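Peer 1:
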Amino acid sequence: ATVREQQGHPVWGSYAQRLLNPEEELWRNPSNGGHDDKAHPPIHPTKFSEGESNWTLDHKRLYELVVRHFLACVSQPALGAGTTVDIDIAGEKFSASGLMIIVKNYLEIYKYESWGGSTIPTFIPGQQSESWSLLVMVNGKNGSSVTLIHIVESTIH
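Note that the sequence shown covers residues 1 to 157 in UniProt numbering.
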């Protein structure tokens, strides 16, 4: 009933509709968690609101946080694949890590968490290449500025 009430909201209503659609396979029963302090049930929206006229911006933001958190708790987890690549270029060792989000699921509604990061090209273990390019970040004094230098293999011969 709580999710159904949220279907009318102009911002997250469409997500609530998808959540209740079995074909979307987005719904999951919330986990019980590891601890129960017996103090109160999990925080959840007690009624639907598009923001009452007397609410301050902070009230609206708090209500949005509660609703988004609740909807995320009854959503499937996000799925991602992490990759780490170790590169040896003429004896110099480099390492790069990246994350590819396969399915966002709860991340679609819970904007307070992000799996943002870097993406890297697809590599095959043991792959060797004669052609390459490298983007190097150089920190300035005290980390105050960052300079990006794009080095291409053909420019250093």
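Positions of the beta carbon are idealized from the N, C-alpha and C atoms, including for glycine.
For clarity, every value in this text was computed on a predicted model and none was experimentally measured.
By the three-class DSSP mapping on this structure, what secondary structure does residue 24 have?
Peer 2: Translated into the one-based positions of the sequence shown, residue 24 becomes position 24. Helix.
Peer 1: DSSP puts residue 96 in a beta bridge; with which residues?
Peer 2: Mapped onto the sequence shown, residue 96 falls at position 96. Looking at the DSSP assignment, residue 96 forms a beta bridge with 85.
Peer 1: Take the Cβ of residue 118 as the centre, count every other Cβ of all protein chains shown within 10 Å, and call the residue buried at 16 or more, exposed below.
Peer 2: To locate residue 118, count along the sequence shown from 1; it is residue 118. Label assigned to residue 118: exposed.
Peer 1: When DSSP labels each residue in this structure, what does residue 156 get in the three-state scheme?
Peer 2: If you number the sequence shown from 1, residue 156 lands on position 156. No answer about residue 156 holds up, because its pLDDT of 49 lies below 50 and its placement is not dependable.
Peer 1: For residue 102, does the count of other Cβ atoms within 10 angstroms reach 16, so buried, or fall short, so exposed?
Peer 2: By one-based count along the sequence shown, residue 102 stands at place 102. Answer is exposed; the Cβ neighbour count stays below 16.
Peer 1: How far does the alpha helix (DSSP H) with residue 63 in it reach, from first residue to last?
Peer 2: As a working note, residue 63 is residue 63 in the sequence shown. Looking at the DSSP string, the run of the alpha helix (DSSP H) that includes residue 63 is 57 to 73.
Peer 1: State the DSSP-derived secondary structure class of residue 80, mapped to helix, strand or coil.
Peer 2: Walking along the sequence shown from the start, residue 80 turns up at place 80. Strand.
Peer 1: According to DSSP, is residue 11 helix, strand or coil?
Peer 2: As a first step, residue 11 must be located in the sequence shown, where it is residue number 11. Residue state, collapsed to three classes: coil.
Peer 1: In terms of DSSP beta bridges, what is residue 103 paired with?
Peer 2: Residue mapping note: residue 103 aligns to position 103 of the sequence shown, counting from 1. Its beta-bridge partners are 79.
Peer 1: So residue 5 is in the alpha helix (DSSP H); what residue range does that whole segment cover?
Peer 2: Within the sequence shown, residue 5 is the residue found at index 5, counting from 1. Per DSSP, residue 5 belongs to the alpha helix (DSSP H) from 2 to 5.
Peer 1: Distance check for residue 107 and residue 114, CA to CA, integer angstroms please.
Peer 2: In the sequence shown, the residue the question calls residue 114 occupies position 114. In the sequence shown, the residue the question calls residue 107 occupies position 107. Cα to Cα, the separation comes out at about 7 angstroms.
Peer 1: Measuring straight from C-alpha to C-alpha, what distance separates residue 13 and residue 3?
Peer 2: Mapped onto the sequence shown, residue 13 falls at position 13. Mapped onto the sequence shown, residue 3 falls at position 3. Straight-line Cα distance between these residues: approximately 9 angstroms.
Peer 1: Given residue 15, which residues of its chain have a CB within under 7 angstroms of its CB, disregarding the five upstream and five downstream residues?
Peer 2: Residue 15 sits at position 15 when you count from the first residue of the sequence shown. For residue 15, where only same-chain residues beyond five positions count, the Cβ hits under 7 angstroms are 71, 108, 109.
Peer 1: Ordered along the chain, which non-local residues of its own chain (more than five positions away) have a Cβ less than 7 angstroms from that of residue 99?
Peer 2: In the sequence shown, counting from the first residue as 1, residue 99 sits at position 99. If we look at residue 99 and ignore the five residues flanking it on each side, its Cβ neighbours are 80, 82, 115, 117.
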